[in-house]
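The structure appears below as structure tokens.
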Amino acid sequence: MVRSLLIRGMLIGILAGLLASGFAWVFGEPQVDAAIAFEESHASAPAPAASTAAGAAQTTTAHDHEEEPVSRPVQSSYGLVTGMVVYGAALGGIFALIFAFAQGRIGSLSPRATAGLIAVIGFAAIMVVPQIKYPANPPAVGNPDTIGLRTAFYFGLILLSIVTMAAALGTANRLAASFGRWNANLVAAAAYLVVMVVAMQILPSVNDIPADFSATVLWKFRIASLGIHAVLWATLGIAFGIAAQKLLQAPARR
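In the UniProt record's numbering, the protein residues as written are 1 to 254.
Right under this line is the structure:
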């Protein structure tokens with residue numbers, strides 16, 4: 001049964017990746033192009049130099065180092081689809097394994113309801129909550145000296161969010177028998193929020209967006225980033241729920 005769920009999860013993950021890449025191409029790529037244009041305009045702006053020869057040498061060297069092995073058109077088409085499909089398949093497999101463990105352990109929910117709940121929790125814990133502290137920034141902008149630190153803090157916050165959410169769900173299950181499912185869920189949700197709020201207050205803020213970068217482009221990019229993952233998680237929650245429902249109900253009909 002787990003194998004069947006895993007296969008379905010990965011196939012649906014591929015579908016989710018295709019849908020998400022379409023969303024990204026329509027809503028995300030124009031903002032990436034705008035960010036790249038901003039970087040190029042700053043890179044080509046005249047700057048004081050000790051001599052014309054030295055300035056020319058620096059420009060040539062910078063151009064050589066900034067040349068990308070994969071062209072921008074390939075990145076925004078084949079590269080985008082490939083990356084999202086691989087990511088979707090991996091996420092779909094993990095989603096299926098979590099579903100196999102959770103089904104029947106978080107109340108008397110149907111397979112479709114369980115899949116939907118996992119999708120909502122996963123989207124909130126992995127995407128929404130961490131991006132409150134460290135929202136997505138367009139590529140090609142930001143301070144290269146701080147981007148590594150910001151990335152480390154961001155993934156650390158994701159890990160903390162996942163662990164805290166898992167602990168909160170376990171706590172809710174243990175408290176349900178004594179306090180009822182609704183009250184147990186409220187206590188667990190409150191505990192999760194307290195931990196995450198404290199963590200966000202402790203972790204440093206890293207604002208490496210240039211002051212003259214377009215606020216409209218930045219806002220649209222961040223909304224598009226959330227939208228891409230919303231499409232992924234929604235597809236997994238809905239489509240996998242339908243597939244799992246049919247799979248798990250099939251033996252009962254025989």
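Heads up, the beta-carbon is just placed ideally off N, CA and C, and yes, glycines get one too.
The alpha carbon of A166 has as its nearest neighbour, out of A199, I126, L248 and F155, the alpha carbon of I126. By the Cβ test, the region 12-20 is in contact with the region 88-106, since at least three Cβ pairs between them sit closer than 8 Å.
Counting every other CB atom within 10 Å of its CB across the protein chains shown gives R8 a total of 16 or more, marking it as buried. Proximity to V231 across I209, D145 and M84 peaks at M84, based on C-alpha coordinates. At a Cβ-Cβ threshold of 9 Å, A172 and V195 do not count as neighbours. Between Q245 and the set V32, T114, S71 and S21, the nearest pair of CA atoms involves T114. Straight through space, the alpha carbons of V163 and G148 are spaced by roughly 23 Å.
Straight through space, the alpha carbons of V86 and F153 are spaced by roughly 25 Å. The alpha-carbon separation between G107 and P138 amounts to approximately 41 Å. Taking a C-beta distance under 9 Å as the contact criterion, F221 and G28 qualify as a contact pair.
Using a 10 angstroms sphere on the CB of S178, the tally of other CB atoms stays under 16, which defines it as exposed.
Counting along the chain, no alpha helix (DSSP H) covers S71, and no H or E run does either. Closest in C-alpha terms to I242, from the list L175, A35, A37 and A96, comes A96. F99 sits close to I118, with the two beta carbons spaced by under 9 Å. When the five nearest sequence neighbours on each side are left out, the beta carbons in the same chain lying within less than 8 Å of the beta carbon of V128 are those of L226, in order along the chain.
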